[in-house]
Each structure stands twice: as structure tokens, then as C-alpha cells.
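Number of protein chains: 2
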Amino acid sequence: MVPPTATTRTLSTAEERREAVIEAGMKVMAERGIHGTPTLEVAKAAGISQAYLFRLYPTKADLAIAVVRRCNERIHATFTAAAAQAKAAGATGEDVLHAMGESYGELIQDRTLLLLQLHCHAAAPSEPAIQAAMQDGFRNLYALIKAEAGADDEEISQFFATGMLINTLAAMGAYELDEPWAQKLCLMPKSDDPA
Amino acid sequence: MVPPTATTRTLSTAEERREAVIEAGMKVMAERGIHGTPTLEVAKAAGISQAYLFRLYPTKADLAIAVVRRCNERIHATFTAAAAQAKAAGATGEDVLHAMGESYGELIQDRTLLLLQLHCHAAAPSEPAIQAAMQDGFRNLYALIKAEAGADDEEISQFFATGMLINTLAAMGAYELDEPWAQKLCLMPKSDDPA
DNA sequence: GGTGTGAGTGAGTGCATACTCACACCTGTC
DNA sequence: GACAGGTGTGAGTATGCACTCACTCACACC
Chain A
1 MVPPTATTRT LSTAEERREA VIEAGMKVMA ERGIHGTPTL EVAKAAGISQ
51 AYLFRLYPTK ADLAIAVVRR CNERIHATFT AAAAQAKAAG ATGEDVLHAM
101 GESYGELIQD RTLLLLQLHC HAAAPSEPAI QAAMQDGFRN LYALIKAEAG
151 ADDEEISQFF ATGMLINTLA AMGAYELDEP WAQKLCLMPK SDDPA
Chain B
1 MVPPTATTRT LSTAEERREA VIEAGMKVMA ERGIHGTPTL EVAKAAGISQ
51 AYLFRLYPTK ADLAIAVVRR CNERIHATFT AAAAQAKAAG ATGEDVLHAM
101 GESYGELIQD RTLLLLQLHC HAAAPSEPAI QAAMQDGFRN LYALIKAEAG
151 ADDEEISQFF ATGMLINTLA AMGAYELDEP WAQKLCLMPK SDDPA
């Protein structure tokens, strides 16, 4: 009836589907882990058949790598935006770093990025491709922080260390805990955090 | 023939076997992950049948929890020993904390404890029992550091943060990397590290 | 030497999961 | 309107894995 045009076509392009698959993959792999997530779940979440999923990503490992890369990109983009915004408001040096830290805290509110990172860290030692992707992520973040915040190595180390602690505390549910040790550890990282 | 005594009996006690299973479990689960390790592998490594493994630990989750707890105990014992040794040599306060940090660096040389922790962090959010075990571990470590090194909350946070960064760097193979960012990040944590 | 209990196993069962194959349907192009 | 190639799927297959069952053997005690 309606003449199919670019906007009314019923089929998606493979590229659009791949995009949807990554988004879906991030969500379900965050919850169940990279190895723990069945490809069928990813396919369902993306709204396609499992068979087509394997046409788009020939192996589960290929899919996992795409997901991990997207995770890194998202963190990088968040930091970039935070730095730009801080600078636009006249901030320099440590204030920019601080803004990046704040943005990380907000970023992991939705758990997806947080969990994905944990799974990624755990998978890295036995999966060279994931390990390489993680190295890429850190390399880019390091360069970004150096360039945008002009931080020295000591500050950058602090920044990353705090971020890793935040991840761990979140993983063990320390932020919801009522005990003194948890509250003390959770309080401190207000000053500077990372990826 | 030979009168069977406590030392010549051919059967082990269940308790001895459970011990062997935990040791074996730590090794193989460190390499393949908690979920990624088949129970058959643990049984083989412990030198018993899979059927008997399930008599000793009724479910795989029970086994995993025992392994995680042992992991925590081992870290705690290492810190305790390091503190005692440092104090015997006349150290106090920050020097004791420093000694604990050093001992952590040595402890994770063999990868087993390091990898186990990463897997544990990743598994915690979806496995309440593992999450609880992690909380226990941190609670005990926090108390130990406070008592033995008399560190304030800021120092303890630093200590833990640095330890988490060490774990992450080790996971992504940064210690074997030749690039500037990796070398800078890996260098810094010489001052203080944790669990 | 008989007997009760705990140590120990070979051989399954049933289900979940990564990946495949043959086939149907859209859609742009001439 | 036909045909080439891209989008999409239902129904598999093969393997791996948690967990079970029926059974044997060692040992301590009488």
C-alpha cells in the first residue's frame, strides 16, 4: 500500500540491528555476566532470532568484544563531556578532574556500566581480546585525563584507584550497608573518582 | 596385614577431603571463573569422583562459598602476619600499614588470590551469599587495619583503593606492558596497597 | 566373622546452550 | 515483473554440565 521509503521500510539494515544487539547485550550481560549470558537472551532482548544474531556476530566472543568496546566508549564519552562542561564553566586543572570524577559517580548509578566493568575485569585474564580492549580503554582514559585536566601521574593514579574502589564497593553492596566500615569507605570517594 | 592406624588408613576423613577440595577449587576456579569452572574439574583436581564431591558439598554454590571464604581468610592471615612481623621489628603506625601493603603485592604474585577476587567481585552482585562473604572479608580487613596500624579512615580508604587498582592492573596485564600509561600506573602503588 | 556406618564411584539423566542449515520474505534495480 | 542480494527465521544438532542413583569397599567395634 504505502510506498516503502527509507523511513517506512519494515526491515532494518544490518548496521541498525548490530547497534540494537550491542545495547541489548550490554543490559543482559551486565546482569548475568559475559559468559553467563546465553546468546538466546541477547537475541530476545534485541528483538531478533538467535539465528540472525549469529549472522550479525559470528561467535559469542565477537559479540562480547563489541559490548566491551561500547562500554569503554561510553565511559570515555562521559568523561569528555564532563570535562567540556567544566571548562565551559571556567574550571581548570583539578576542578576538571573533579568534574570527571563526579560524572563517573553518576554514570554508574544505572549499574549497567558498573557490572559490565566487573565482568570485564574478571574475564580479561583468560580472554586476550577482552584484555586488549580493556588496555585500550585505560590508555584512552589516561590520555584524556592528562590532556583535559592536565593531571600529573600521581593524581591520575589516585583517580583510577578511587574509581576501582567505587566499583568494588558497589559490587558488594556497601553503599546500602549500615555498618561503620562501609559508610567510611563509601564516604571518602567523594573527592575524586574514575573508570 | 599391616594393622591399620590413623596414619596408614587408605581412606581420608570427609574433613580432609573437604580441605583438599577447597584447595583444588581455589586453583581451578581462579583460572576459569566461579561459574565457568565445571564441578568435574574441581573433583579431578582434588583427586575424587564428581559424585563424592557432591556428597561433600551438596551444590556448586556451597562449594563456591567455601572457596571465597578461604580466599578471604588467606588475605586476612597474610596481613596479620605482615603486621606482626613489622611490629616485632619495631615499626608503628604507617610503617605497619606499609608492611601490609607490601605483603599484598607478594601475595598476588601467584595469581590465584588475585583472580579469585576478581571473579568474586563480578559474581557478588547477582549472588547474595558471595556478596555477604565479601562484606565479611572487608569488614574484617578494615578492623584489622584499624587495630594493627592505627590508620585513620582516609588512610584506610587509600589503602583499599590502591589494592583495587592493583587488582585491575594485574587483570589487564598492565604489569607486562611497555607503554607509558601502564608503567606510570603500575609504578605508583609501591607506597601502599590492600586487598 | 558379622554388622553398621562412613568413604567412595561408574554410569547415567535431563536440561541448557553455542552454533548451523534450509528456507522464506523484503526491497532496490533494470 | 523478474531477479539478485540482503534481511530474517524455525527447527534442528552436538556438546557440556549440574546433579542423581545404585552400588562397592574400608574400617571400627563386638
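Chains as they are written, first to last, in full-length UniProt numbering: chain A, 1 to 195; chain B, 1 to 195.
All C-beta atoms in this analysis are idealised placements derived from N, C-alpha and C, irrespective of residue type, glycine included.
Remember, predicted model here, so these are calculated numbers, not experimental data.
By the 16-neighbour rule on beta-carbons within 10 angstroms, Leu187 (chain B) is exposed.
Of all alpha-carbon atoms in B:Thr37, B:Glu94, B:Phe138, the one lying nearest the alpha-carbon of Leu63 (chain B) is that of B:Thr37. An exposed status is given to Ser12 (chain B), since fewer than 16 other beta-carbon atoms sit within 10 Å of its beta-carbon. A distance below 7 Å separates the beta carbons of Leu107 (chain B) and Thr78 (chain B).
In the structure shown, Pro38 (chain A) falls within a coil segment according to DSSP collapsed to helix, strand and coil. Contact with chain B is absent for Phe159 (chain A), since none of that chain's Cβ atoms lies less than 7 Å from the residue's Cβ. Within the same chain, and ignoring the five residues on either side of Ile145 (chain B) in sequence, the residues whose Cβ sits closer than 6 Å to its Cβ are Ala151, Ile156. Inter-residue distance for Val28 (chain B) and Ile22 (chain B) is about 10 Å (C-alpha atoms, whole angstroms). Measuring C-alpha to C-alpha distances from Ala122 (chain B) to each of B:Ala89, B:Asp95, B:Asn167 identifies B:Asn167 as the nearest.
Assignment of Ile75 (chain A) by DSSP, reduced to helix, strand and coil, places it in the helix class. Using beta-carbon distances, Gln183 (chain B) does not count as an interface residue toward chain A, since no partner is under 7 Å. In this structure, the beta-carbon distance from Met172 (chain B) to Met134 (chain A) falls below 7 Å.
By the rule that beta-carbons nearer than 7 Å mark a contact, Arg69 (chain A) does not touch chain B. DSSP, reduced to helix, strand and coil, places Ser103 (chain A) within a helical segment of the structure shown. With a 10 Å radius around the Cβ and a threshold of 16 neighbouring Cβ atoms, Leu113 (chain B) comes out buried. Using a CB distance cut-off of 7 Å, Gln135 (chain A) counts as an interface residue toward chain B.
Secondary structure within the region 110 to 159 of chain B: the alpha helix (DSSP H) runs of 4 or more consecutive residues, fully enclosed, are 112 to 123, 128 to 149 (chain order). Excluding sequence positions up to five before and after Ile34 (chain A), its CB lies within less than 6 Å of the CB of Ala64, His119, Ala123, all in the same chain and listed in chain order. Those residues of the UniProt domain "HTH tetR-type" (15 to 75) of chain B placed with their C-beta closer than 8 Å to a C-beta in chain A are Glu31, Arg32, Gly33, His35, Gly36, ordered along the chain. Any Cβ of chain B closer than 7 Å to the Cβ of Gln131 (chain A) would place that residue at the interface, and such an atom is present. Residues of chain B with a Cβ closer than 7 Å to the Cβ of Ala171 (chain A) are, in chain order, His121, Ala124, Pro125. Here DSSP, grouped into helix, strand and coil, assigns Ile65 (chain A) to helix. Looking at B:Ala14, B:Glu16, B:Asn140, the one whose alpha-carbon comes closest to that of Thr80 (chain B) is B:Asn140. For the region 97 to 123 of chain B, the set of positions with a beta-carbon nearer than 7 Å to some beta-carbon of chain A reads Leu115, Leu118, His119, His121, Ala122 in chain order.
Going by C-alpha positions, Ala61 (chain B) is about 31 Å away from Phe159 (chain B). The C-beta of Asp178 (chain B) comes no closer than 7 Å to any C-beta of chain A. Any Cβ of chain B closer than 7 Å to the Cβ of Asp152 (chain A) would place that residue at the interface, and such an atom is absent. DSSP places Ala51 (chain A) inside the alpha helix (DSSP H), whose first and last residues are 50 to 56. With respect to the 7 Å criterion, Ala161 (chain B) and Ala161 (chain A) are classified as neighbours on the basis of their beta carbons. The beta carbon of Tyr175 (chain A) does not come within 7 Å of any beta carbon belonging to chain B, so the residue lies off that interface. Per DSSP, reduced to three states, the secondary structure at Arg9 (chain A) is coil, with no helix or strand assignment.
Listed along chain B, the residues sitting closer than 9 Å to Phe138 (chain A) by beta-carbon distance are Thr168, Leu169, Met172, Ala174, Trp181, Ala182, Leu185.
Within chain A, no C-beta atom comes less than 7 Å from the C-beta of Thr92 (chain B); the nearest is roughly 22 Å away. Interface criterion not met: the Cβ of Thr80 (chain A) is under 7 Å from no Cβ in chain B.
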